[in-house]
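A short worksheet on the structure shown next.
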Amino acid sequence: MCGIAGFYLNGREASRGLVERMNRLILHRGPDQDGFFVEGGCAIGMRRLSIIDLGTGKQPIANEDE
């Protein structure tokens, strides 16, 4: 039961601190791991619940360029 939180600000820089606070509010959705992506006006946070702990399950997933 993982969770995702995020927002987009048109014409302004997003705050990692804000998405981290949002992510803490959904801690119950996935206490095992968190991850963040913040670039420009976009901020996304995720929570992971490791029911079956796969080594390749780390989030957020990035391509070879990160």
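By this note's numbering, the letter at position 25 of the sequence shown is numbered 25, and the numbering carries on one by one without gaps. Glycine included, C-beta positions come from ideal geometry on N, C-alpha and C.
Taking the Cα of Gly17 as reference, the smallest distance to any Cα among Asn10, Gly3 and Cys42 is reached at Cys42.
Shown here for Gln33: same chain residues with a beta carbon closer than 6 Å to its own, the five before and five after excluded, namely Arg48 in chain order. A Cβ-Cβ separation of about 12 Å leaves Phe37 out of contact with Glu20 under the 8 Å criterion.
Residue pairing by DSSP places Cys42 opposite Tyr8 and Glu39 in a beta bridge. Per DSSP, the unbroken alpha helix (DSSP H) holding Glu20 starts and ends at Arg16 to Leu25.
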